[in-house]
Amino acid sequence: MQSTAITDTMRPPFPAEPGAGVYSNKLGMWVFLASDVMFFTALIGSYIVLRFGMPSAWAAPGAVLNVPLTGINTFLLICSSVSMVKAYAAIADGKKYFLRKVPGKTLQDGGLKFWLLITIICGAGFVGVQVFEYIKLVGHGFTPTGYREGSVLAEHALADPVKYGAGVAGMYGSTFFTMTGFHGFHVTCGVISMLYLYFTKVLPEKYSAQDYRGIEVIGLYWHFVDLVWIILFTIVYLI
Amino acid sequence: MTTPTQTTHVRPNYMLIWLYLFVMTVIEIAAAFLSHIPKHWLILILLFFAIWKALLVAMYFMHLKFERWRLRLIFIVPLPLAIILVTTVIMEKIF
Amino acid sequence: MTSVAHAKPEAHDAHHAPMSFWQKYIFSTDHKIIGIQFLFVSLFFLLVGGLLAMQIRWQLGFPGKPMPGGGILPESMVSGGVILPEYYIQLVTMHGTFMVFFAIMPLLVGVYANFLIPLKVGAHDMAFPRINMWSFWLALLAGLIMLAGFFVPDGAPRAGWTMYAPLSARPDLSGATYSQQLWSVSIVVLGLSSVMGSVNYITTIINHRAPGMHFFRMPLSVWALFITAILAVLALPVLQGAAIMLLFDQTIGTHFFDPVAGGQALLWQHLFWFFGHPEVYILILPAMGMVSDIIANGSRKPIFGYHSMVFAIIGIAFLGWIVWGHHMFMSGMNPTLGSTFMVSTLLIAVPSAVKVFNWLGTMWRGNLHLHVPMLNAIGFVSMFTIGGLSGIFMAATPVDIPIHDTQFIVAHIHYVLFGGSLFALFAAIPFWYPKMFGRMMDERIGKIHFWLTFITYNLTFFPMHIIGMGGQMRRIYDPTIYDFLKPQQPINEFISYSAFALFAVQFLFMFNFLWSLKKGKVAPQNPWNDNGLEWSLPNPAPHGNWAPKTPNVYRGPYEFSAPEAGDADFLPQTKKLPTDRDPVPATLPGGH
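Protein sequence lines, in the order shown, are assigned to chains Z, A and P. Anchor point for the first sequence: position 61 equals 61 in my numbering, and the numbering is continuous, going up by one each time. For my numbering, count along the second sequence from 1 and bump the result up by 1000. For my numbering, count along the third sequence from 1 and bump the result up by 2000.
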């Protein structure tokens, strides 16, 4: 892969004192991500604290939530993260195209348009599976305020409170829907932003090896969202 | 292969990182269902894998491994604050 | 003579097509206009907060007596002119809410971070001008949502500005339904505005400093605003998370904070104060920074101990994250935790004291020019010191046990927020007024305003220490229901009279501010003979600041009475002396 010429737009502002050493949009996104860490800290931290305070209110892993399906969903999000970084690498090499035949290789070489589309599809797929899971859960009786009266899960909880969460199981549902809901909201915002960029800048080939700031910046956001999910999946679904 | 940061570096093998992430996720899910592991150990193992995966994403996909310390600091700073908040409030419950 | 570096023509400077009134003044992306927009809106909310305070003082001074003008308020609030208890608790809650979130914070940060940062570091505008514009409009939206709380059924929120759960989560307990939800929504929107603004401030300061503007040549106002922005970007999201959980408790029936259903009431307090303590440093650090600039200017001397001032700001911000429990000594939390918080709180007095001594050291043997900003800045130092000293009382847990939730705390709050932040604003507003509007505020009215404010303010808030020690609680509707408080009632009356006078005096400031917009003396380019970069531009500063050029910076910001300056007693940062060499801008990678 050829080296890319580093041009002015992708360098720190000039003339200026040495700062973070990166262009401002990237610095701004990193600062925003630091603030987002604190937002998820409030939600996830509250979950940890509430669970420590009343562990009996939680069901055993897999009893209520569909771990295999979410495991596949996690894999989907990780794939979207990989395709995102491949998209970034593609445009850094100037590959604005969709797919191109490479002599001597069986698989075609993917450009920005290809890899970003994969990312959008996988991201939208993740949201879709989450929504599907929510609908199933609410159908079984798992709501943000606890097990719905008369539902399947409410009966299970009465029969086996250790496995399904004792007494007021409201905490389990409240924390689950709040954390995963806001994560899903972040993913949705990411998908919408990528769609917007796809149609307004990627398809008209406005990004080039000289200026692909938007791709790098949305990439950082997307990887962050994946990172939060990695933590969430473990502590919400597996523990 | 250069990237728009001050350092030049060899581009990481993204597909290899993807493989690591996939394998670790499978191990995690399997471990969670091996019920003979005592709960405390299980939590530690799962957290270890989660943090390792998160670090892989941060270091390689978000390029933090190749950025200057100044940029890494921005992401690192909130973490001790998060730990302080959660541990302090949990200590509340221990009392 | 200033010399400038050559800049590559940047895309955004080239858009000098004529802008419509809407683009120029309403939907402006110019940081200076946005700062002025924040100024007008925040001063409005300051007035709202003041009007609420007047009603509180009426009730406390003359409990059960009909309030003059009470007739215009609806029967749900005021019965026969007498403030009802349900309304009184709304007044107390909303006074705190408006003052903290919509007056002081936007006045210090929204106005001065926006206005000063690009000017003082030599940038053309903020790093993200459009996000900056959104930051203002979201803040205004948040303020309007909060104000709407008075006009919805059941009236305004009434759990105190600290909104403790479960009282705030349960409409059946507090009596307020919709407005409590509006509070949560408003806070989330305000948090977004703050975070967007802070991202801008941090990025601009790190990446857009002009050549020669090393970090340790930045004025203390910029340092303070930088550290404040870091606090804001990390603290506000925690409040947003808490507010969202509260909103869910209020609307969809979750029980995050309801102990009956497995939630934890203290969780709210921990989350709120984890945000709340950095928040109070957000409310004081910019004030300290601007006061440093003004005191150096008014003393015609460099700030005493510039580096230690910077480290003190950093120290205060750093320690500020681990002291939040001192708001919760009486909450029933783990006593061991209480001791830890006591130690860290006592420690935080140290950097604050360093700053006070350094301000005194700056003034010592200085050539004092007691102009209006300087008078208010000195007022800040003295009043903040008193507020800080009362803080030491509260930091000690055993002492806090009797004085928690009494008027002593109220006195402390107002000494640091009014005596501190607001006096700093009374200094900053006339100081940078010429830069904003091209005119000077009237000096004579300013001096009368300062002295009258200083006197009535102390007469209002100092006695609160006394009645607090005497046992008068916070947020209480009628102190005279307790026999042991009856003897203190004359003091309450006295405080109320002083408060009415204090409020009336502020009309002098309001008049001065508004009248000078059109009739003030036209300002010379550098009316205060100050060294900051902003004074190298005409008044008011033009769109784009120095665009397309970028200024060069040759020295630090406090070169007052420097021998190199010759006859002048100040030496601007951008002035090139024959012995100065041009700063080299950051090189591009690969070197060139």
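Using N, Cα and C, we set each Cβ at its ideal position, and we do this for glycine too. None of the values given here were measured: they were computed from a predicted structure.
Closer than 8 Å at the C-beta level to chain A, one finds these residues of the stretch 59-71 of chain Z: P61, G62, V67, P68, G71.
By the rule that beta-carbons nearer than 8 Å mark a contact, A:F1022 touches chain Z. For a Cβ distance threshold of 8 Å, residue set T1088, M1091, E1092, F1095 of chain A lies close to P:L2337, ordered along the chain. Around Z:M38, the beta-carbon contacts reaching into chain A at under 8 Å are P1078, L1081, A1082.
Here the stretch 2164-2176 of chain P does not lie against the stretch 2191-2199 of chain P, with fewer than 3 beta-carbon pairs under 8 Å apart. Residue environment analysis places P:I2401 among the exposed positions, since fewer than 16 neighbouring C-beta atoms fall within 10 angstroms of its C-beta.
Against chain P, the CB of A:L1071 has no partner CB under 8 Å away; the residue lies outside that interface. When C-beta distances to chain P are compared with 7 Å, the residues of the stretch 10-26 of chain Z below that value are R11, P12, P13, F14, P15, A16, E17, P18, G19, A20, S24, in chain order. Within chain Z, no C-beta atom comes nearer than 8 Å to that of P:N2531; the closest sits roughly 18 Å away. When the beta-carbon positions are compared, P:A2349 and P:I2392 come within less than 8 Å of each other.
The alpha-carbon separation between P:E2075 and P:K2065 amounts to approximately 15 Å. When the Cα atoms are used, P:P2063 and P:M2473 turn out to be separated by approximately 15 Å. In the DSSP assignment, P:T2228 forms no beta bridge with any residue. Between the alpha carbons of Z:Y134 and A:F1066 lies a distance of about 39 Å.
8 Å or more divides the Cβ of P:A2127 from the Cβ of P:T2251.
In the three-state reduction of the DSSP assignment, P:M2328 falls in the coil class. One finds F39, A42, L43 in chain Z with Cβ atoms closer than 7 Å to the Cβ of P:G2241, taken in chain order. Interface flag for A:L1085 against chain P is set, since a Cβ pair is found closer than 8 Å. In the structure shown, A:L1079 adopts helical secondary structure according to DSSP, grouped into three states. Rounded to the nearest whole angstrom, the C-alpha separation of P:W2137 and P:Y2554 is 37 Å.
Annotated as proximal: P:R2439 and P:K2521, with beta-carbon spacing under 8 Å. Boundaries of the alpha helix (DSSP H) harbouring Z:K26: 24-53, taken from the DSSP string. Legend: CB atoms of the stretch 2300-2331 of chain P lying less than 7 Å from CB atoms of chain A belong to residues W2321, I2322. In this structure, the beta-carbon distance from P:M2464 to P:Q2407 falls below 8 Å. Judged by DSSP in its simplified three-state form, P:M2473 adopts strand. In the structure shown, P:I2145 adopts helical secondary structure according to DSSP, grouped into three states. Annotation: P:Q2489 to P:Y2482 spans about 11 Å, alpha carbon to alpha carbon.
Annotation: P:L2360 has no Cβ neighbours in chain Z at a cutoff of 7 Å; minimum Cβ distance is about 32 Å. Proximity of chain A to Z:A34 at the Cβ level (cut-off 8 Å) is accounted for by I1074, F1075, V1077, P1078, in chain order. Under the DSSP assignment, Z:S81 falls in the alpha helix (DSSP H) whose first and last residues are 67-92. Taking the Cα of P:W2359 as reference, the smallest distance to any Cα among P:L2346, P:I2378, P:F2341 is reached at P:I2378. Following the DSSP letters along the chain, one finds Z:G139 inside the alpha helix (DSSP H) bounded by residues 112-140. Using a 10 angstroms sphere on the CB of P:P2153, the tally of other CB atoms stays under 16, which defines it as exposed. For the C-beta of Z:I78, the chain A residues within less than 9 Å are, from N- to C-terminus, W1018, L1021, F1022, T1025, K1053, V1057. Annotation note: the stretch 2279-2316 of chain P contains no uninterrupted beta strand (DSSP E) run of length 3 or greater. With contact defined as three or more Cβ pairs closer than 8 Å, the stretch 188-201 of chain Z and the stretch 1006-1026 of chain A are not in contact.
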